[in-house]
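*Asks:* Mind looking over this structure? Questions follow.
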Amino acid sequence: MNIVNLNSGLSACLSSLHKKSEEEIHAKARAQFNGSDKEFSDLLKQYGALVPIEKGHFLKTHGISVQDSSLSLSISPEMGNFLFNLTLSKRPEFILELGSSRGVSTLYFAEALRILGRGKVVATEMEDSKCDTLWRNVESLGLAPFVDLRRGDVFSTVEAINETFDMVFIDIWASGYLDIFRIVEKRLKPGALILADNMYTSSDEVLPFKIFLDDHPCISNLTLDFESGVEFGIVL
Ligand SMILES: C[S@@+](CC[C@H](N)C(=O)[O-])C[C@H]1O[C@@H](n2cnc3c(N)ncnc32)[C@H](O)[C@@H]1O
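For the sequence shown, our numbering gives the first residue as 3, with consecutive numbering after it.
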């Protein structure tokens, strides 16, 4: 992976946030798995070797769910690099990030905006302690001019929003994707990018959203076979 101009402070911060998130997920999955440490380690290896589309089914088969508001559940470095590059290419005025957690995806967006020298990512998160961590990192890395953090439930946040957006990244609990998108779609500019994570890992929960996009007369979309399954759409 090659991210241009990622300064060493940001790089160190992201490494530590990615590591913490991965450790939390492993601990949560381990607690739900009835087997030895060796069996769990084999399970992790099997999961790592799966193609993205098999991941959701695999987790369900083993009774593992990591949806837990105390966890970071951050995007992977590869997904971060993808969002970073898309931002550099799109040169957005406003990005709407739905579900910011401790701010990993926010940092990739904000760093790209810093390089471009303009734009804002509107970050949304309901957990106060996660917002505190996000804002501490954003400020200490000099990225505050590019981030507008809105605390609280994303449905109230989005109802109160006045901006129109060039990009939206959906990463809240998967069962809420369709309801939030119905509100957000009125705020997307023509040509806006629609990105949604966990399309494979939460395939059952996101199905109403997927069907809605597939049937939408003004949206062109597909699911990218990448990481957790990424919906990639364009507003026509
Ligand atoms: C998968 S995590 C987001 C990870 C984040 N994008 C990152 O890369 O670090 C989902 C986050 O969405 C938040 N969330 C879920 N439903 C929400 C809602 N209705 N309003 C605000 N935040 C919500 C959760 O608290 C959680 O922190």
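Yeah, the Cβ is synthetic: ideal placement off N, Cα and C, and Gly gets one too.
What three-state label does DSSP hand PHE157 in the structure shown?
*Replies:* Looking at PHE157 - three-state DSSP - the assignment turns out to be helix.
*Asks:* Which of the three DSSP states, helix, strand or coil, is assigned to ILE196?
*Replies:* Of the three classes helix, strand and coil, the one that applies to ILE196 here is strand, per DSSP.
*Asks:* On the three-state DSSP scale, how would you describe THR225?
*Replies:* Note: THR225 maps to strand in three-state DSSP.
*Asks:* Starting from GLU207, trace the alpha helix (DSSP H) both ways and give me its first and last residue.
*Replies:* First-last of the alpha helix (DSSP H) with GLU207: 205 to 217.
*Asks:* In chain order, which beta strand (DSSP E) runs of at least 3 residues are fully inside the stretch 74 to 141?
*Replies:* The qualifying runs are 96 to 100, 122 to 127.
*Asks:* LEU73: which of GLU56, GLY101, SER13, GLY65 sits nearest, CA to CA?
*Replies:* The shortest Cα separation from LEU73 among GLU56, GLY101, SER13, GLY65 belongs to GLY101.
*Asks:* Report back the beta-carbon spacing between SER78 and GLU233 to the nearest angstrom; my notes put them in contact at under 8 Å.
*Replies:* 16 Å between Cβ atoms; not a contact.
*Asks:* Give a yes or no on whether the C-beta atoms belonging to ALA125 and ARG93 are separated by under 9 Å.
*Replies:* It is not a contact, given that the beta carbons lie outside the stated cut-off.
*Asks:* So the candidates are ASP206, ILE117, VAL53; which of them puts its Cα closest to the Cα of SER246?
*Replies:* Here the chain covers residues 3 to 238 and nothing more, so residue 246 does not appear.
*Asks:* Hey, how far is the Cα of VAL149 from the Cα of LYS40?
*Replies:* VAL149 and LYS40: Cα-Cα distance of roughly 43 Å.
*Asks:* When the Cα atoms are used, what is the spatial distance from GLY144 to SER131?
*Replies:* The straight-line gap from Cα to Cα measures roughly 20 Å.
*Asks:* Quick one: grab the DSSP three-state call for PHE234.
*Replies:* Three-state result, PHE234: strand.
*Asks:* Note the first and the last residue of the continuous alpha helix (DSSP H) segment covering VAL186.
*Replies:* It spans 179 to 186 - the alpha helix (DSSP H) in which VAL186 sits, taken as one unbroken run.
*Asks:* Return the bridge partner residues of PHE60 from the DSSP annotation.
*Replies:* Its beta-bridge partners do not exist; DSSP assigns none.
*Asks:* Within the present structure, is the beta-carbon of THR108 separated from the nearest heavy atom of ligand 1 by less than 8 Å?
*Replies:* Within the cutoff, so yes.
*Asks:* Determine the direct distance from the alpha carbon of ILE117 to that of ILE27, and round the result to whole angstroms.
*Replies:* The straight-line gap from Cα to Cα measures roughly 32 Å.
*Asks:* Do LEU85 and TYR110 have their C-beta atoms within less than 9 Å of each other?
*Replies:* Yes. Within cutoff.
*Asks:* Which residues in the same chain have their Cβ closer than 7 Å to the Cβ of LEU8, if we skip the five residues on either side of it in sequence?
*Replies:* The residues are GLU113.
*Asks:* Rounded to whole angstroms, what is the Cα-Cα separation between LEU61 and VAL123?
*Replies:* C-alpha separation (whole angstroms): 32 Å.
*Asks:* Let me know the secondary structure DSSP gives ILE66 once reduced to three states.
*Replies:* If DSSP states are grouped into helix, strand and coil, ILE66 belongs with coil.
*Asks:* What's the gap between the Cα of LEU180 and the Cα of PRO219?
*Replies:* Approximately 16 Å between the Cα atoms of the pair.
*Asks:* So what does ARG152 bridge to, in DSSP terms?
*Replies:* In DSSP, ARG152 forms a bridge with THR126.
*Asks:* Nearer than 8 Å: is that true of the beta carbon of VAL156 relative to any heavy atom of ligand 1?
*Replies:* Yes, since a heavy atom of ligand 1 falls inside the 8 Å radius drawn around the Cβ of VAL156.
*Asks:* Indicate whether ARG189 and LEU98 have their beta-carbon atoms separated by less than 9 Å.
*Replies:* The answer is yes: Cβ separation under 9 Å.
*Asks:* So is the beta-carbon of SER74 under 8 Å away from any non-hydrogen atom of ligand 2?
*Replies:* This structure lacks ligand 2; its bound ligands are ligand 1.
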